[in-house]
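Below is one structure, written out as structure tokens, with a few remarks after it.
Protein chains: 2
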Amino acid sequence: MDVITSSEVVGSYVASRRRQGETIGFVPTMGALHRGHLSLIELARTHADIVIVSTFVNPLQFDNAEDFDRYPETRLADEEMCRQRGVHVLFRPTLSEMYPNGFATNVHVEGLSSILEGASRPGHFDGVATVVAKLFNNVDPDVAVFGAKDFQQVAVIRRMAMDLGFRIRIIVAPTVREIDGLAMSSRNVRLDVEARRAATGLSKGLFAARTAFRAGTTSARTLVDLVVGHMRTSPLVTVDYVQIVDPYDLKPVEDAGPDDVAVVAAIVGGVRLIDNLVLGDDDCLEG
Amino acid sequence: MDVITSSEVVGSYVASRRRQGETIGFVPTMGALHRGHLSLIELARTHADIVIVSTFVNPLQFDNAEDFDRYPETRLADEEMCRQRGVHVLFRPTLSEMYPNGFATNVHVEGLSSILEGASRPGHFDGVATVVAKLFNNVDPDVAVFGAKDFQQVAVIRRMAMDLGFRIRIIVAPTVREIDGLAMSSRNVRLDVEARRAATGLSKGLFAARTAFRAGTTSARTLVDLVVGHMRTSPLVTVDYVQIVDPYDLKPVEDAGPDDVAVVAAIVGGVRLIDNLVLGDDDCLEG
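So the sequences go chain by chain: V and Z.
Start counting the first sequence at 1141; every next residue gets the next number (the working numbering).
Start counting the second sequence at 1141; every next residue gets the next number (the working numbering).
Spelled out as structure tokens, the structure:
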């Protein structure tokens, strides 16, 4: 495995592989890799000859400095995991490589960026869209793989990629969960024992809503109340939002259908967590 | 010459040429081609094996609908000119190709976009940065050629391309002028006889400033007054701005140096014209 920090070097690598007729799969991450990321890597491998993983903790997408400072960093473990999984290139750009002196460009996706996570984290999705556009240019992949846990991020990136004409196929990997249902997240390591237990309320609520939907409950308000009820069983959980939304425009629906998505965000013991579930999907608890 | 309207087709064309080891030069235009554009095409040819010209009148970069509606369109003449000059591909994307249903992405370059032309034409450079980012992805060139007449546009595009990691060399072609000094522009055809005569005040003023600078005048205020004086010899000219600016951050200077640029904008007989001149350059009047 090559560890590359320069976008020029990664660009030359990709150009030379492509000249040999190989296709490039790309998994952009912020490091602190876990089993969820490994599933993205596996999926990339099935869609491309070469797998490139980037680990760049992108300051632009943090709406507060403390969250950025506390974001976990596990460089050696990340490198080892990528090596073991047969990743071809670990792309680890420096901050000055990504945001050189005088950096002044912002990519904004109207509408999708200002609701849900965007309402709670102003500027977050501008940071995501900007860094992903740049990484897409740096790596120039044929396919890029993102996790379904970051549902809104996927919607923003799909829109950006289509609007700006990136010829990159966006693939979404199902959310990987702990045995008790908690969605894998790099932030989970920051949960203490109590908060870790309380955090299961998010997925418990989502799965309860899905069960109720299957049993015939389509009122979004009823489904939302059900999710909120599960989350509020612990005082450590502060609900940010719970909504049933349309999968395309992410706007709340009143009468839920099988393609609609239950989305939640909460602060659990000081850690912000998100999760979602498509009401009609039959993915099981475990990842 | 191939005339291509689909970005997918132009993408396949470029990929196949590149596999054969050829390099791609790109000249993005809004059509209504004139001698200025031809000089861009010639320059592209000297830097690349294949020359692709796009003609797309980009609604996003017009700050008012009337200006958009009145922008000249000369499709058959454009096509003939490109053919005669040995252009390989004329890329003429449709509006729905460029801005599909639900289009929501905006590329913004902070700072550079809000001064000078940006102050007079709100949103103009967002439209430019967005369409150029998309065209860069559609065409995927090695080099792209822009005209020096649109000085601020070049600065915005350079910044955007560097910030977003486009591996495209930006080349700037000198402004081509009519015999009497008027900078070539697609908008010149909208000048009536009186306005056409009055319009020479812009370049006359700029060249007078350069002459004064060479003779030792470095006070920006004095140079600006000189330019304004030449422009105001006709009542048909309404000055928008005249400034001596730094070539990198485009901010006004007080004491001018040889790299600084005299920039002007004016409404002449109802037509908005811009022009500029590097004070230390020795390019002659004719193009």
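Positions of the beta carbon are idealized from the N, C-alpha and C atoms, including for glycine.
Please read all numbers here as calculations on a predicted model, not as lab measurements.
Tell me, please, whether the CB atom of residue i is closer than 8 angstroms to any CB atom in chain V?
| i | result |
| --- | --- |
| Thr-1234/Z | no |
| Asp-1332/Z | no |
| His-1248/Z | yes |
| Glu-1426/Z | In this prediction, Glu-1426/Z has a pLDDT of 42, which is less than 50 and means its spatial position is unreliable; what the coordinates show is noted afterwards. Answer no: the Cβ-Cβ gap between Glu-1426/Z and chain V never drops below 8 angstroms. |
| Leu-1109/Z | The requested residue 1109/Z is not part of the displayed model; chain Z covers only 1141 to 1427. |
| Arg-1309/Z | no |
| Pro-1240/Z | yes |
| Ala-1323/Z | no |
| Phe-1306/Z | yes |
Verify whether the separation of the beta carbon atoms of residue i and residue j is less than 8 angstroms.
| i | j | result |
| --- | --- | --- |
| Phe-1231/V | Ile-1310/V | no |
| Val-1411/Z | Arg-1330/Z | yes |
| Pro-1296/V | Ala-1269/V | Correcting the residue identity first, residue 1296/V is Val in this sequence and not Pro. Going by C-beta atoms, Val-1296/V is nearer than 8 angstroms to Ala-1269/V. |
| His-1181/V | Val-1197/V | Contrary to the premise, residue 1181/V reads as Ile rather than His in this sequence. In this structure, Val-1197/V does not lie closer than 8 angstroms to Ile-1181/V by Cβ. |
| Thr-1245/Z | Asp-1303/V | yes |
| Pro-1281/V | Gly-1151/V | no |
| Val-1368/Z | Val-1379/Z | yes |
| Val-1271/Z | Val-1294/Z | no |
| Ala-1338/V | Val-1382/V | no |
| His-1187/Z | Val-1283/Z | yes |
| Lys-1289/V | Asp-1415/V | yes |
| Asp-1399/Z | Val-1418/Z | yes |
| Met-1238/V | Tyr-1211/V | no |
| Val-1154/V | Val-1333/V | no |
| Ala-1349/V | Gly-1409/V | no |
| Leu-1178/V | Arg-1223/V | no |
| Ser-1146/Z | Gly-1305/V | no |
| Leu-1413/Z | Ile-1255/Z | no |
| Gly-1321/V | Phe-1347/V | yes |
Is there at least one Cβ from chain Z nearer than 8 angstroms to residue i's Cβ?
| i | result |
| --- | --- |
| Phe-1166/V | no |
| Thr-1245/V | yes |
| Arg-1223/V | no |
| Met-1371/V | no |
| Asp-1303/V | yes |
| Met-1170/V | no |
| Gly-1251/V | yes |
| Met-1300/V | yes |
| Gln-1160/V | no |
| Leu-1390/V | no |
| Gly-1410/V | no |
In the region 1177 to 1220 of chain Z, which residue ranges form an unbroken alpha helix (DSSP H) of at least 4 residues, counting only runs that do not cross its ends?
-> 1205 to 1210
With 7 angstroms as the C-beta to C-beta threshold (strictly closer), list the residues of the region 1257 to 1287 of chain Z near chain V in chain order.
-> Ala-1273, Lys-1274, Asn-1277 and Asn-1278
Kindly confirm or deny that the region 1235 to 1251 of chain V and the region 1202 to 1218 of chain V touch, where touching means at least three C-beta pairs closer than 8 angstroms.
-> The region 1235 to 1251 of chain V is not in contact with the region 1202 to 1218 of chain V.
Report yes or no: do three or more beta-carbon pairs, one from the region 1328 to 1344 of chain V and one from the region 1391 to 1409 of chain V, lie closer than 8 angstroms?
-> yes
State whether the region 1308 to 1328 of chain Z contacts the region 1173 to 1188 of chain Z, with contact taken as three or more CB pairs (one from each stretch) at a distance under 8 angstroms.
-> yes
Taking only runs of the alpha helix (DSSP H) that begin and end inside the region 1322 to 1386 of chain Z, which ones reach a length of at least 4 residues, in chain order?
-> Segments of the alpha helix (DSSP H) lying fully in the region 1322 to 1386 of chain Z: 1333 to 1338, 1340 to 1354 and 1360 to 1371.
If you measure beta-carbon to beta-carbon, which residues of the region 1145 to 1156 of chain Z are closer than 7 angstroms to chain V?
-> Ser-1147 and Gly-1151
Count the C-beta pairs between the region 1352 to 1359 of chain V and the region 1300 to 1317 of chain V that are closer than 8 angstroms, then say yes if the count reaches three, no if not.
-> no
If contact means a Cβ-Cβ distance below 7 angstroms, which residues of the region 1192 to 1214 of chain Z contact chain V?
-> none
For the region 1326 to 1350 of chain V, enumerate the residues whose C-beta is nearer than 7 angstroms to any C-beta of chain Z, in chain order.
-> So the list is empty, because no residue satisfies the distance condition.
Every unbroken alpha helix (DSSP H) within the region 1240 to 1320 of chain Z, with a cutoff of 4 residues, ordered by chain = 1257 to 1260, 1264 to 1279 and 1291 to 1303
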